[in-house]
Structures are given as C-alpha cells and as structure tokens.
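J.: Residue numbering for the sequence shown follows the working numbering, beginning at 74 and increasing consecutively.
Backbone N, C-alpha and C fix where the C-beta goes; we use that ideal spot for every residue, glycine too.
A quick note: this is a predicted structure, and the numbers were derived from the prediction, not measured.
Have a look at this one before I ask anything.
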Amino acid sequence: MRIDVVTIFPSYLQPLREALLGRAIDRGLLEVAVHDLRDWTHDVHQAVDDSPYGGGPGMVMRPQVWGEALDDVLATPDLPARLVVPTPAGRPFTQATAHAWAAEERLVFACGRYEGIDERVLLDARARGITVDEVSIGDYVLVGGEVAVLVMVEAVARLLPGVLGNPRSAAEDSFSDGLLEGPSYTRPEVWRELAVPDVLRGGNHAAIARWRRDRALERTRDRRPDLLDALGPDALDAADRAA
Ligand SMILES: NC(=O)c1ccno1
C-alpha cells in the first residue's frame, strides 16, 4: 500500500516512520510519502489560507493551492487512490473503515488546518471521479488533520499482511467480533496480592474461551451498550445472554 499525506506540517507525520510502521516501511510492506502543501504556493509569503466568505472566525485553506497539490499527488491513473480528509464533520472512522481501507492500493490524506479546506476542492475532486471520504476519529475538534492521519494510518497499516508479528492479534482485536476485548494478564501469577483468574491458568481451552467471551460481553454491556444493540439479538447465543 502507498500512502501520501499533504500537510503544512510534514514533521507532524514523522512518527509514521517509527516502530512497527517504520519497520513495515523498511520491509516494503508500506510506502509513505509526505508532501508540504506550501510547495504549491507561488507567493513570497507561501499563503495557504484566506478569510472566510460570509464572515466568521478563523481562516479557510485556499482552493488554488490545494487544487494544484492534489492535481500532482493524485496524478497516478495506474494507481487509483482514495482521498481522505480528516474532519470533525466527517463520517465516523471505525475498525470496519480500517479493514475496508486496508484493501486499497493507495490512500491520499489531505490535512486541513484552520477552519478547514475550501469546499470546492472536494467538489472538484469528486467531479473528476476521485473517491473522497470525509471522516472523523471522534466527536472532538483537533487543531488540524495530522494527528487524525497518524491514528488512521496506524489502524489501517497494522491490518496489512505481514505488519503484525502474529496475524491472530488483528483477528482477535476489540471490535473484531463486535465486542470490546476483555482483560489480559501475564506473569507473575500474583502481583500486589492480586491473582490471575484461575481459569486462565487451568489449561482448559474451552473454559478459557468461554471466560474471555463472558468478560468481553460484560465490558461491552458496561462501556459500549451501543455495540451490543448494533450486533442484534441473533448474534448472541444462550450462553452469551447468560453472561
Ligand atoms: N475529530 C476529527 O477527526 C478531527 C479532524 C480534525 N479535527 O478533528
């Protein structure tokens, strides 16, 4: 997978080259290119924003600069791309989104700042047949899209074949079966008078699986009942309902 990010703060994306993602890049599992939006300005001040039509606080990012940048970055007809714009006004980015995007050949992220990008940039891209996703990582407002890109790229890249050491990790993630993951334990057996649950030390794999499912159901009921509602009644068997 190739990932391009257009931003006025390229150094914000440096963490993509660290740790697991950095190793995936080194191993050729992922290609990441970060572009400085100001490279497409033509004035001495390298202006990327202007005041909003209709008044209001803050500044809006100029369509000319974004238009030229995306013309160049998206100019790869042999490699169809999905243009992703992080925004608090977007559709929710979820684990299902991450799985869907992990199947893409290329993702291009446009990092807005200030009050956002002039709407005509997205209208123009869609009119040229580009798939444009405006997505939000949560119901809060960041200063710019860069941090949201870090979140989304990590969520997607870890699903790519070969990136995680053990592919079962992704298969048994929270949300993989629609539930939150239950608690985890490691050595020692007792720590500050707190013992690891006996069932996990017993070696009965069926009992362990049942215990883990019950803890996941309890945690989901407690913290995210909306996920249970989304699963629907048929997703839970009698043992689940008894948990
Ligand atoms: N909530 C978000 O995804 C976001 C993106 C930019 N600002 O907020």
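Ordered along the chain, which non-local residues of its own chain (more than five positions away) have a Cβ less than 7 Å from that of Asp384?
T.: With the chain covering only 74 through 316, there is no way to say anything about residue 384.
J.: Using a Cβ distance threshold of 8 Å, determine whether the region 244 to 255 contacts the region 283 to 291, with at least three qualifying pairs required.
T.: Because the criterion of three Cβ pairs below 8 Å is met, the region 244 to 255 and the region 283 to 291 touch.
J.: For Ala221 and Arg231, what's the separation of their Cα atoms in angstroms?
T.: Ala221 and Arg231: Cα-Cα distance of roughly 16 Å.
J.: In the DSSP assignment, what are the bridge partners of Leu267?
T.: Partner(s): Trp264.
J.: Taking 7 Å as the cut-off, is the C-beta of Ser209 nearer than that to any heavy atom in ligand 1?
T.: Result yes, Cβ under 7 Å from ligand 1.
J.: Give me the DSSP bridge partner(s) of Leu180.
T.: In the DSSP output, where bridge partners are listed per residue, Leu180 has Ile76, Arg155.
J.: Counting pairs of Cβ atoms below 8 Å between the region 192 to 212 and the region 94 to 105, do you hit three or more?
T.: They do not touch, by the three-pair rule.
J.: Closest to Pro125 by CA distance: which of Leu233, Ala176, Met134 is it?
T.: Pro125 has its Cα closest to that of Met134, out of Leu233, Ala176, Met134.
J.: What number of angstroms, rounded off, separates the C-alpha of Asp112 from the C-alpha of Val146?
T.: About 12 Å.
J.: Give me the Cα-Cα distance between Gly235 and Leu300, rounded to the nearest whole angstrom.
T.: Roughly 29 Å separates the two Cα atoms.
J.: Is it right to say Trp264 is buried, meaning 16 or more other beta carbons lie within 10 angstroms of its own, or is it exposed?
T.: Classification of Trp264: exposed, given that the 10 Å Cβ count is below 16.
J.: Given that a residue counts as buried once 16 or more other Cβ atoms are within 10 Å of its Cβ, and exposed if not, what is Leu267?
T.: Answer is exposed; the Cβ neighbour count stays below 16.
J.: Between the Cα of Ala183 and the Cα atoms of Arg155, Gly275, Trp174, which residue gives the shortest distance?
T.: Comparing Cα positions, the closest option is Arg155.
J.: Which residue spans inside the region 85 to 137 form an unbroken alpha helix (DSSP H) run of at least 4?
T.: Fully enclosed alpha helix (DSSP H) runs of 4 or longer: 92 to 99.
J.: Distance, Cα to Cα, Gly131 vs Leu93?
T.: About 37 Å.
J.: Could you give the residue range of the alpha helix (DSSP H) that holds Asp250?
T.: Per DSSP, Asp250 belongs to no alpha helix (DSSP H) and is neither H nor E.
J.: Could you check where the alpha helix (DSSP H) with Thr170 kicks off and where it finishes?
T.: Counting along the chain, the alpha helix (DSSP H) containing Thr170 begins and ends at 168 to 174.
J.: My output table needs one value for Pro234: the three-state DSSP class, helix, strand or coil.
T.: If DSSP states are grouped into helix, strand and coil, Pro234 belongs with coil.
J.: Say yes only if the C-beta of Val78 is nearer than 7 Å to one or more non-hydrogen atoms of ligand 3, and no if none qualify.
T.: As presented, the structure is devoid of ligand 3, carrying ligand 1 as its sole ligands.
J.: Apart from the five residues just before and just after Val269, which ones in its own chain have a Cβ nearer than 7 Å to its Cβ?
T.: Excluding positions up to five away in sequence, the list reads Tyr258, Glu262.
J.: Comparing alpha-carbon positions, which option in Gln137, Phe82, Arg297 lies nearest Asp191?
T.: Of the listed residues, the one whose Cα sits closest to Asp191 is Gln137.
J.: Shortest alpha-carbon distance to Arg101 belongs to which of Gly127, Tyr85, Arg164, Met74?
T.: Before going further, note that residue 101 is Gly rather than Arg in the sequence given. If we check each option's Cα against that of Gly101, Met74 comes out closest.
J.: From the DSSP output, in three-state form, read off Glu245 for me.
T.: Here Glu245 sits in coil by DSSP.
J.: Take Val121 and list the residues in its own chain whose beta-carbon comes closer than 7 Å to its own, dropping the five residues that flank it on each side.
T.: Counting only Cβ-Cβ distances below 7 Å, and skipping sequence neighbours, we find Ile81, Leu110, Arg111, Thr114, Met134, Arg135, Val138.
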